[in-house]
Structure formats: structure tokens, C-alpha cells
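In what follows, a structure is listed as C-alpha cells, so that the remarks can point back to it.
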Amino acid sequence: MQPPLPRKILVIFGTRPEAIKLFPVVAALAATPGLLVRTCVTAQHRGLLDQVLAIAGLTPDIDLDLMEPGQSLDRLTTRLLAALGVVMDAERPDRVIVQGDTATAIVGALAAYYRRIPVAHVEAGLRSGAIYHPWPEEVNRRIVAPIADQHYAPTETAAAALRRENIAPGTIHVTGNTVIDALHATRAKLAADPSLAAGLDEIAERFAGKRIVLVTAHRRENLGGSMENIARALVRIAGRSDTAILFPVHPNPDVVAVMDALLGKHANIARIAPLDYPHFIRALDLAHIVLTDSGGVQEEAPALAKPVLVMRETTERPEGVEAGTARLIGTDTDRIVSEISTLIDDAAAYRVMARAHNPFGDGHASARIAQHVADGFGR
Ligand code: UDP
């Protein structure tokens with residue numbers, strides 16, 4: 005027997021990238037007749053998550069507030085499982101939606117599975133092929149796959165990876181990545197009201213006429229020696245009078261400590277607090293080159309025709325590399341400096357990478373997902 009209308013969908017997330025990628029999905033679900041959407045945040049990252057909630061105008065129905073400073077993965081995972089189990093018993097949703105590759109995603113899927121609640125996985129099928137790159141995200145996302153019965157793959161490459169793992173082809177749907185929906189929605193808001201990103205006016209003025217390199221760096225596997233290599237490269241790049249570094253520093257204390265120790269005060273380096281999403285999109289617009297180890301930024305930058313140099317050895321998002329708009333460069337100091345220098349000094353090399361290119365979606369992924377979720381109850 006089918007459950008009664010409306011069907012209750014519980015969307016669970018806990019970090020900045022999940023919130024960015026799910027706020028358009030929550031909006032699309034809420035606009036779909038026959039569905040009742042409930043949101044639960046675990047807040048495994050507190051401050052960065054709240055920045056997105058504020059901008060998206062999203063007030064979660066349930067906030068577990070589970071972040072603790074320096075929390076181990078074991079402790080986070082066990083606390084998530086206990087807390088999400090209680091939420092699911094109280095909410096009794098008809099379907100749970102999780103996104104991507106976080107501890108919240110894997111545990112949300114598991115708690116639902118323990119109660120035989122079906123799970124939809126948004127951003128399914130990303131694979132680097134190496135279980136420690138990114139760590140622990142590669143295994144998190146693999147473990148969600150056998151639990152989910154709806155796999156929303158952003159690209160055909162991601163769908164093919166799922167088929168290779170014997171996921172039933174009829175349960176895999178290529179939708180595009182919802183980050184492109186978030187990007188379009190936020191750019192439209194910014195166009196209507198540029199004051200949403202006015203916090204960067206001063207930096208735009210200070211660095212006018214210089215080539216801006218936008219930097220983000222926070223991956224667990226880059227903490228330690230690799231982060232120090234990155235910092236040393238930034239100091240060398242900032243030695244060029246025609247170049248400036250814009251670096252919103254991730255609040256992870258291991259990142260902050262390295263940057264405090266090695267970057268110092270430099271006229272060509274703006275080391276700033278993490279930006280909210282409209283400000284970050286403006287930063288992408290201001291940038292000449294993007295230097296990052298982030299996943300989401302690899303998807304956004306090509307959509308804005310910005311060359312992305314990815315400070316990793318492997319990527320689960322090969323589409324940008326295949327299209328020539330992203331390059332994997334690792335974290336060797338000399339290599340980072342030489343890759344940036346080439347893009348600044350060689351206009352032809354720059355042009356090859358600076359092409360608008362949207363392998364990650366057309367901005368309508370969320371609508372496809374919401375419709376498919378709704379249709380699923382009729383099948
Ligand atoms: N982002 C942001 N402010 C910043 C840096 C990044 O809003 O100061 C956004 C960025 O646009 C992207 C997302 O955060 O959508 C990426 O998050 P993060 O790098 O933390 O995680 P990952 O994508 O690597 O999982």
C-alpha cells in the first residue's frame with residue numbers, strides 16, 4: 005500500500021558544500037505538489053553551514069548542532085548515528101535525501117537503511133578510484149551507493165561509475181550537478197542586488213590592475229607538509245608585482261596555523277575569513293586564475309570560464325580536466341609557482357583553459373530531482 009499524501013521527504017545535511025548543493029533541491033521539492041519537505045541539519049560544520057543557510061533563507065526544521073572542536077571521525081560518526089536515528093523515528097519520512105560524501109551523508113543513509121526508509125543520493129557516482137584521495141570522502145560516497153535506490157548522478161561519467169559497481173541502471177538518473185543551480189540562482193540575486201557582495205569592494209579596488217589568483221585550500225590529505233608547500237608557493241607568487249592572492253582561509257585550525265606562520269603580512273596577499281556564497285561568487289568573477297583543492301570549486305570555476313589549477317594528485321571530477329579547463333597539479337611548491345606563472349605570462353596557454361564550459365550541469369538539476377522523487381511514489 006502506498007503511504008498517504010503528502011509524502012514526507014527528509015533532507016539531511018551538515019556542511020557548507022552540502023548546503024550549497026541542496027538549497028536549490030529543497031526549494032524544488034517544496035514547490036512540487038504531493039511532497040512535504042523537512043530539513044535536518046547535523047551542523048557537523050557550524051559557522052560555514054550557517055553562512056549558507058542565511059543566504060539561502062533556509063531555516064532547518066531540525067538542528068542537531070553536533071559540531072565539537074577537534075572532534076574525531078569516530079566520535080562524529082557515532083554521535084551522528086544516534087542523533088539521526090532519533091530524528092528518523094520521530095519524523096518517519098517516506099524518503100530520505102543525502103548529498104555527496106560527508107559523514108552526515110553516509111550516516112544519514114545508514115540510519116535510514118536501518119529503518120528500511122528509501123534513500124536518494126544527490127551527487128552520486130563521483131569516484132577518484134583511490135580510497136585515501138579524498139579521504140574519507142571517497143569511501144563515504146561509495147558506501148551510500150548500495151543503500152540508495154535513487155542515484156542522482158551529475159554527469160554521464162558519474163553514472164558510468166555507478167554502473168561499473170553493479171548499481172541497477174534503472175535507478176541511476178543523470179541530472180547535472182545542483183551546484184550549477186545554486187550558482188545561477190545566486191548570480192541572479194547578485195545581479196539584482198550587487199550590495200550582497202559589497203564586502204569585496206575594498207579588495208577589488210586594492211588589487212585593481214593586478215591578476216588575482218583566488219585560493220582555497222583545506223583538504224584533510226593536504227594538511228601538514230603539503231599545506232606548507234602551498235603557503236610557500238603563495239608567497240613566491242605574491243612576489244610578482246602584477247599578481248595578487250585572494251585567499252579566504254578555511255577555519256580549520258591546522259590550515260590557519262600554517263598560513264599564520266608562513267604567509268605573514270604581504271601587500272599582494274589578502275588573507276580573509278571564509279566568504280559567504282554571494283561574496284565567493286564575486287571572488288570567482290574577480291579572479292584570473294583559481295587555485296584550489298576543493299571539490300565544489302572545480303565545478304563552479306569552469307562554468308565561469310576561469311582556469312582551475314587543482315592541488316591534488318587525483319580528482320573524482322575528471323570532466324573539467326578532460327575539457328582542458330582544469331589541471332591537476334599536486335602540491336609541490338615549484339610546480340604551483342610555475343603553473344601559475346605560465347598562465348599569467350602565456351596568453352595563449354591562458355586562453356586554452358579560460359573557456360566557459362559546463363560539463364557539470366545546465367542549472368536545472370534540482371527540478372529534475374524533485375520531479376523524479378515525486379514520480380517515484382507513483383511507480
Ligand atoms: N565557498 C564559499 N566560500 C568560501 C570558499 C568556498 O562559499 O570562502 C563555496 C564554494 O563556492 C563551493 C563550496 O564552498 O561551492 C566548496 O566547499 P568546500 O571547498 O568547503 O568543500 P568541497 O567542495 O571540497 O567538498
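Residues are numbered in our numbering as their position in the sequence shown, beginning at 1, plus a constant of 4.
Yeah, the Cβ is synthetic: ideal placement off N, Cα and C, and Gly gets one too.
Under 8 Å between the Cβ atoms of A157 and A134?
On the sequence shown, position 153 is the one that residue 157 refers to. On the sequence shown, position 130 is the one that residue 134 refers to. No.
Do V183 and F364 have their CB atoms nearer than 8 Å?
Counting from 1 along the sequence shown, the entry for residue 183 is found at position 179. Counting from 1 along the sequence shown, the entry for residue 364 is found at position 360. Against a cut-off of 8 Å, the Cβ pair of F364 and V183 comes out as a contact.
Please name the residue, chosen from L238, A369, L130, that lies closest to S342 on a Cα-to-Cα basis.
Locating residue 342 in the sequence shown gives position 338, counting from the first residue. Closest by alpha carbon: L238.
When the Cα of A235 is compared with those of R215, I340, G89, W139, which residue comes out closest?
Within the sequence shown, the letter at position 231 stands for residue 235. Taking only the C-alpha atoms, the option nearest A235 is I340.
Within its chain, find whatever has a CB closer than 6 Å to the CB of A378; leave out the 5 residues flanking it on each side and keep chain order.
As a working note, residue 378 is residue 374 in the sequence shown. If we look at A378 and ignore the five residues flanking it on each side, its Cβ neighbours are T36, G38, L39.
Relative to the alpha-carbon of P255, which residue among L85, V356, L227 has its alpha-carbon at the smallest distance?
The sequence position of residue 255 within the sequence shown is 251, counting from 1. Here the closest residue by C-alpha is L227.
Taking the C-alpha atoms as reference points, what is the distance between P64 and F17?
Here residue 64 refers to the residue found at position 60 when the sequence shown is read from its first residue. Here residue 17 refers to the residue found at position 13 when the sequence shown is read from its first residue. Approximately 10 Å, taken between the alpha carbons.
Entirely enclosed beta strand (DSSP E) segments - the region 96-148, minimum 3 residues:
99-103, 123-126
Below 8 Å, can you find three or more Cβ-Cβ pairs linking the region 214-232 to the region 185-195?
Touching, no.
Host beta strand (DSSP E) of F284 (start-end):
Position 280 of the sequence shown holds residue 284. No beta strand (DSSP E) holds F284; the alpha helix (DSSP H) holding it covers 281-290.
Span separating the alpha-carbon of K370 from that of K214
Here residue 370 refers to the residue found at position 366 of the sequence shown. Here residue 214 refers to the residue found at position 210 of the sequence shown. Before going further, note that residue 370 is Ser rather than Lys in the sequence given. Taken atom to atom, the span from the alpha-carbon of S370 to that of K214 is near 37 Å.
Contact between the region 86-99 and the region 44-56 (3+ Cβ pairs under 8 Å)
With a cut-off of 8 Å, the region 44-56 and the region 86-99 count as touching, because enough Cβ pairs lie within range.
Around the Cβ of D205, are there at least 16 other Cβ atoms within 10 angstroms (buried) or fewer (exposed)?
Here the question's residue 205 lines up with position 201 in the sequence shown. Classification of D205: exposed, given that the 10 Å Cβ count is below 16.
Measuring from the CB of L118, is there a heavy atom of the ligand UDP at a distance below 7 Å?
For the purposes of this step, residue 118 is taken as the residue at position 114 of the sequence shown. The displayed chain sequence assigns Tyr, not Leu, to residue 118. No.
Mind reading off the beta-carbon distance from A307 to N272? Whole number of angstroms is fine, and I expect it under 8 Å.
For the purposes of this step, residue 307 is taken as residue 303 along the sequence shown, with counting starting at 1. For the purposes of this step, residue 272 is taken as residue 268 along the sequence shown, with counting starting at 1. Incorrect: roughly 27 Å between the Cβ atoms, too far for contact.
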